[in-house]
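2 protein chains.
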Amino acid sequence: MSEKAQAVRTVFLKNAPAVAGFASIVGKKEGDGPLGKRFDAVEPDARAGQDSWEKAESTMLRRAIDLACERAGVTPGCVLAGDLLNQCAGSAYGVRGVDAPFFGLYGACSTMAESLGLAALLVDGGHFESAAAATGSHFCSAERQFRFPLEYGGVRTPTAQWTVTGAGCVVLSAEGKGPYITRFTPGKIVDAGIKDMGNMGAAMAPAAYDTLSAHFALTGRGPEYYDVILTGDLGRLGQEILRDLFAADGVDLGANYMDCGVLVYDIGRQDAHCGGSGCGCSASVLSGHFLRGMRDGLWRRVLFAATGALMSPTTSLQGESIPAICHAVAIEAERC
Amino acid sequence: MSEKAQAVRTVFLKNAPAVAGFASIVGKKEGDGPLGKRFDAVEPDARAGQDSWEKAESTMLRRAIDLACERAGVTPGCVLAGDLLNQCAGSAYGVRGVDAPFFGLYGACSTMAESLGLAALLVDGGHFESAAAATGSHFCSAERQFRFPLEYGGVRTPTAQWTVTGAGCVVLSAEGKGPYITRFTPGKIVDAGIKDMGNMGAAMAPAAYDTLSAHFALTGRGPEYYDVILTGDLGRLGQEILRDLFAADGVDLGANYMDCGVLVYDIGRQDAHCGGSGCGCSASVLSGHFLRGMRDGLWRRVLFAATGALMSPTTSLQGESIPAICHAVAIEAERC
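From first to last, the protein sequence lines are chains A and B. Residue 94 is where the first sequence starts when you use our numbering, and the numbers rise one by one after that. Residue 94 is where the second sequence starts when you use our numbering, and the numbers rise one by one after that.
Below is the structure:
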């Protein structure tokens with residue numbers, strides 16, 4: 094990448110918006126996982142009291158948004174949200190009724206970072222006093238849309254990931270005691286030629302490498318600067334690929350590098366193969382575990398880099414490879 | 094709507110980004126319509142040289158982006174784009190290979206206004222020197238995804254609209270001779286309870302009314318301020334509903350109010366029922382006809398208000414009503 098291209102690749106947020114509120118909600122399997130006690134709510138009913146999985150997905154997203162806004166004490170200036178369902182219906186129906194302008198996004202599993210980064214820019218630029226960034230996913234609605242009817246009982250490949258049932262929301266505000274959004278490195282589309290929809294980690298790792306490399310180069314920060322570098326849902330295999338890509342440059346991502354998809358399940362016990370995925374994976378893990386930890390003083394500098402695979406079942410059936418993207422958002426205890 | 098809520102509903106862009114380049118491309122039917130000679134290119138092949146309609150859609154979007162960027166003389170600081178295909182694959186594959194950060198959006202047929210408005214905020218806030226806003230649609234890919242296989246030859250209802258095959262792109266820049274983006278009124282989700290997927294105009298008109306009312310109230314401008322008020326694709330029926338909603342407030346939208354969906358086809362001769370629709374409708378009509386007209390001095394003040402219906406086939410099958418949204422962008426010959 095040229096110096097010039099990198100020069101516009103990372104935004105230094107001069108007003109560094111504050112995280113004013115956050116919330117997470119997950120399903121039963123995620124509640125049974127290692128982070129189960131870190132989420133604000135565990136919904137044991139796969140339908141969340143609704144009559145379809147899609148409506149359950151919208152309902153859980155809405156609960157996360159409402160709780161985060163309540164904690165922030167604001168009606169958000171705008172809401173930025175998206176999801177995996179066709180026509181992003183999960184977020185449209187989830188946000189319906191919220192009395193705020195709405196920007197619908199599609200970034201697949203990168204949506205939490207895309208929404209958080211854009212929300213930060215809108216508040217940083219002075220266009221909105223506050224903004225809510227949110228996304229979610231649901232195992233059952235995703236499985237039948239992207240793969241097979243659940244009743245079919247299809248065998249999963251070793252590299253498959255398990256779509257998280259969950260949602261997260263982060264509300265940003267122009268003023269507040271932090272943590273703050275200090276840097277944003279938006280992603281370019283990176284297509285490494287992977288065609289296997291059952292191996293998202295391999296498809297997305299090169300996008301994470303591209304964005305994190307750009308972030309480190311332009312900010313002058315190395316991996317050691319951050320207490321936590323957190324990819325969205327590369328899973329076990331994708332996480333290793335990312336480590337390898339950096340190792341080839343002589344860069345050790347170190348023990349502070351983690352992946353939401355690996356953290357969210359006890360992979361062996363919970364039969365999650367390569368780990369969790371879905372928009373709700375990084376959204377709930379960021380909101381439930383890491384922002385809570387930052388608030389409690391466990392970490393001061395977190396680089397949140399959610400990754401997304403931008404194919405569709407149709408493009409895969411037409412023989413296309415998988416374009417991927419990764420947006421990286423630096424969240425820090427102090428403005429800098 | 095409360096005064097307080099309206100107070101944050103319209104953004105006054107203090108740096109008013111300039112329209113630095115724009116481009117449009119359409120299919121054969123649109124090329125045969127009343128605006129046929131206004132578009133930059135007419136693609137006679139429904140597959141645009143590709144082996145699927147979806148790839149044709151991506152290809153046409155990319156041609157619009159490339160031409161607009163070439164005219165603007167920039168590699169855009171970022172690209173904001175979306176489309177109607179599941180997982181927004183039309184834009185992901187269309188933008189793949191463009192060397193710029195990408196923000197995927199989903200606003201259904203409101204996408205041209207959503208992308209243009211957000212692009213304006215990102216440039217206005219100083220975060221990017223330039224930004225490209227783009228979207229497109231394709232009759233054949235949309236028809237089979239949302240309705241029936243083309244081969245089925247289903248009879249269309251009188252209120253049905255015809256998805257435009259076309260794309261448009263607008264490149265904004267911090268500096269330039271204009272026209273300029275001066276105001277942006279983002280939309281809230283408005284659900285009027287309409288459940289008929291064949292009557293989008295009725296579903297979307299109340300959203301247009303909500304956003305345009307907010308725009309007029311907060312800016313202190315009435316409909317007469319603008320040379321053109323342009324809704325996205327309400328079609329013939331939706332356009333009449335919008336006029337009626339304003340008439341009930343004693344406001345006459347006047348002869349300067351037009352709708353892209355009505356303008357794009359010779360409705361009777363071209364069997365377009367209520368008119369055109371699809372992301373590509375307002376994108377191509379804005380870029381092909383109106384921005385070209387502004388450049389040539391025909392109009393000085395255009396309020397572009399694209400509308401979107403945010404349902405999916407799944408939510409409609411589940412008995413849900415149609416949430417709609419409208420974003421309004423003021424484009425003016427002079428900064429103000």
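By construction, the Cβ of each residue, glycine as well, lies at the ideal position given by its N, Cα and C atoms.
Whole angstroms is fine: what's the gap from residue i's alpha carbon to residue j's?
i, j, result
"residue 267 of chain B", "residue 138 of chain A", "50 Å"
"residue 115 of chain A", "residue 124 of chain B", "50 Å"
"residue 314 of chain A", "residue 238 of chain A", "40 Å"
"residue 332 of chain B", "residue 348 of chain A", "59 Å"
"residue 413 of chain A", "residue 159 of chain A", "39 Å"
"residue 107 of chain A", "residue 312 of chain A", "14 Å"
"residue 99 of chain B", "residue 361 of chain A", "Below a pLDDT of 50, predicted positions are generally treated as unreliable, and residue 99 of chain B, at 47, falls in that range; the measurement from the model is reported next regardless. So the alpha carbons of these two residues sit roughly 52 Å apart."
"residue 307 of chain B", "residue 419 of chain B", "11 Å"
"residue 181 of chain A", "residue 180 of chain B", "8 Å"
"residue 293 of chain B", "residue 234 of chain B", "18 Å"
"residue 111 of chain B", "residue 273 of chain B", "4 Å"
"residue 198 of chain B", "residue 393 of chain A", "31 Å"
"residue 143 of chain A", "residue 336 of chain A", "42 Å"
"residue 126 of chain A", "residue 406 of chain B", "34 Å"
"residue 344 of chain A", "residue 350 of chain A", "12 Å"
"residue 287 of chain B", "residue 339 of chain A", "52 Å"
"residue 149 of chain B", "residue 320 of chain A", "46 Å"
"residue 354 of chain B", "residue 363 of chain B", "13 Å"
"residue 187 of chain B", "residue 228 of chain B", "10 Å"
"residue 206 of chain B", "residue 411 of chain A", "30 Å"
"residue 417 of chain B", "residue 196 of chain A", "12 Å"
"residue 309 of chain A", "residue 136 of chain B", "43 Å"
"residue 222 of chain B", "residue 291 of chain A", "39 Å"
"residue 409 of chain A", "residue 157 of chain B", "25 Å"
"residue 374 of chain A", "residue 129 of chain A", "13 Å"
"residue 368 of chain A", "residue 377 of chain A", "14 Å"
Listing by chain order, which chain B residues have their CB less than 7 Å from the CB of residue i?
i, result
"residue 284 of chain A", "189"
Along chain A, which residues have their Cβ under 8 Å away from the Cβ of residue i?
i, result
"residue 297 of chain B", "Ordered by position in chain A, no residue passes the 8 Å Cβ test against residue 297 of chain B, which lies about 13 Å from the chain."
"residue 195 of chain B", "279, 280, 281, 282 and 418"
Kindly indicate the opening and closing residues of the alpha helix (DSSP H) around residue i.
i, result
"residue 385 of chain A", "384-388"
"residue 217 of chain B", "204-217"
"residue 400 of chain A", "Residue 400 of chain A -> not in any alpha helix (DSSP H); beta strand (DSSP E) instead, spanning 394-402."
"residue 355 of chain A", "353-356"
"residue 309 of chain A", "293-312"
"residue 339 of chain A", "328-340"
"residue 159 of chain B", "146-165"
"residue 375 of chain A", "372-378"
Are the Cβ atoms of residue i and residue j separated by less than 8 Å?
i, j, result
"residue 260 of chain B", "residue 118 of chain B", "yes"
"residue 251 of chain B", "residue 366 of chain B", "yes"
"residue 372 of chain A", "residue 133 of chain A", "no"
"residue 208 of chain B", "residue 165 of chain B", "no"
"residue 220 of chain A", "residue 172 of chain B", "no"
"residue 324 of chain A", "residue 295 of chain A", "no"
"residue 184 of chain A", "residue 211 of chain A", "no"
"residue 265 of chain A", "residue 216 of chain A", "yes"
"residue 437 of chain B", "residue 328 of chain B", "Nothing about residue 437 of chain B can be read from this structure; chain B reaches only from 94 to 429."
"residue 334 of chain A", "residue 298 of chain A", "yes"
"residue 231 of chain B", "residue 204 of chain B", "no"
"residue 113 of chain A", "residue 167 of chain A", "yes"
"residue 442 of chain A", "residue 370 of chain A", "The first residue shown for chain A is 94 and the last is 429, placing residue 442 of chain A beyond what the model contains."
"residue 421 of chain A", "residue 387 of chain A", "no"
"residue 161 of chain B", "residue 262 of chain B", "yes"
"residue 247 of chain B", "residue 240 of chain B", "yes"
Find the residues of chain A that neighbour residue i, judging by a C-beta separation of less than 7 Å, and give them in chain order.
i, result
"residue 171 of chain B", "279"
"residue 220 of chain B", "104, 214 and 218"
"residue 254 of chain B", "Those do not exist, as residue 254 of chain B stays about 16 Å from chain A at its closest Cβ, beyond 7 Å."
With residue i as the anchor, note down where its beta strand (DSSP E) starts and where it stops.
i, result
"residue 425 of chain B", "416-425"
"residue 266 of chain A", "259-266"
"residue 196 of chain A", "195-198"
"residue 172 of chain B", "172-175"
Who pairs with residue i in a beta bridge, going by DSSP?
i, result
"residue 135 of chain B", "B:119"
"residue 350 of chain A", "A:322"
"residue 230 of chain B", "B:259"
"residue 274 of chain A", "A:424"
"residue 239 of chain A", "None, per the DSSP bridge assignment."
"residue 283 of chain A", "A:417"
Heavy atom of the ligand FMN less than 7 Å from the Cβ of residue i, yes or no?
i, result
"residue 373 of chain A", "The ligand FMN is not part of the structure shown, which contains no ligands of any sort."
Closer than 9 Å by beta-carbon distance: list the chain B residues that pair up with residue i, in chain order.
i, result
"residue 404 of chain A", "180, 182, 185 and 186"
Going along chain A, which residues have a C-beta under 9 Å from residue i?
i, result
"residue 411 of chain B", "144, 145, 147 and 148"
Residues of chain B with CB closer than 8 Å to the CB of residue i, please, in chain order.
i, result
"residue 198 of chain A", "196, 197, 198 and 199"
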